[in-house]
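Contents: one structure, followed by commentary.
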């Protein structure tokens, strides 16, 4: 009888006992709440928390991230890019049905498994919104951030919703096909400069 071996990876995040003492960790603190609202195959098999740490166990994805593959190949054939976008679109749709905005879709956060299928990872900047609620924080990675996020940062709009993920996915798709992002926005530009 052959025994199947399944490899996993464990992520560890430190939790702060008082939010005001450690605001940078609040993304990790809310991760437990986000995962508890998910069901199905996108949920880590194990999610535990003690007084200091949150532990998440998920599948080990050995195919590397899309950034690695883009750096190696420059760009992808259209059929390959379409496959990845379709697979990630299903993950984004699943998150949105659960009222979760990812807010950091980019090649570095798309990992491939050993069969070459794409998986959306890294929910550290994700947030859960109730119906009609808007997000307001300046979150994401330039140049994948949607215009609404920049607009919110400078006060031109009151907030943004899950559509920002589709913008980021579109930028990622463009990069897969062209080998570069459509906009060159480094961290040296302020939200005001980008929004003008």
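Residue numbers (my numbering): 222 to 417. Glycine is no exception: its CB is placed at the ideal position from the N, C-alpha and C atoms. Since this is a predicted model, take the numbers as computed values, not measurements.
Of 285, 345, 360, 366, the smallest CA-CA separation from residue 337 is found for 285.
In its chain, beyond the 5 residues on either side, 343, 345, 346, 347, 360, 361, 362, 365, 389 have a beta carbon closer than 8 Å to the beta carbon of residue 325. If you draw a straight line from the Cα of residue 397 to the Cα of residue 378, it is about 30 Å long.
Our two residues, residue 335 and residue 310, have alpha carbons roughly 20 Å apart in a direct line. In the three-state reduction of the DSSP assignment, residue 303 falls in the helix class, which pools H, G and I.
According to the DSSP assignment, residue 339 belongs to no alpha helix (DSSP H) but to the beta strand (DSSP E) extending over 339-341. Rounded to whole angstroms, residue 315 and residue 293 show a C-alpha spacing of 30 Å. The C-alpha of residue 328 is placed about 25 Å away from the C-alpha of residue 380. In the structure shown, the three-state DSSP call for residue 311 is helix. One Cα belongs to residue 386, the other to residue 287, and the distance between them is close to 17 Å. Cβ atoms of residue 350 and residue 320 come within 8 Å of each other, at about 5 Å. If you look at residue 280, you'll find it in the beta strand (DSSP E) that goes 274-280. DSSP places residue 344 in the coil class of the three-state scheme, outside both helix and strand. For the alpha helix (DSSP H) assignment, the uninterrupted runs of no fewer than 4 residues enclosed by the stretch 354-381 are, from N- to C-terminal side, 368-374. If you draw a straight line from the Cα of residue 370 to the Cα of residue 312, it is about 21 Å long.
Within its own chain, the residues whose Cβ lies closer than 7 Å to the Cβ of residue 339, once the five positions on either side in sequence are excluded, are 305, 308, 309, 331, 333, listed in chain order. Looking at the DSSP output, residue 321 shares a beta bridge with 349.
Annotated as distal: residue 291 and residue 391, with beta-carbon spacing of 8 Å or more. For residue 228, same chain residues with a beta-carbon under 6 Å away, outside a window of 5 residues either side, are 281 in chain order. Residue 295 and residue 289 have their alpha carbons spaced roughly 10 Å apart.
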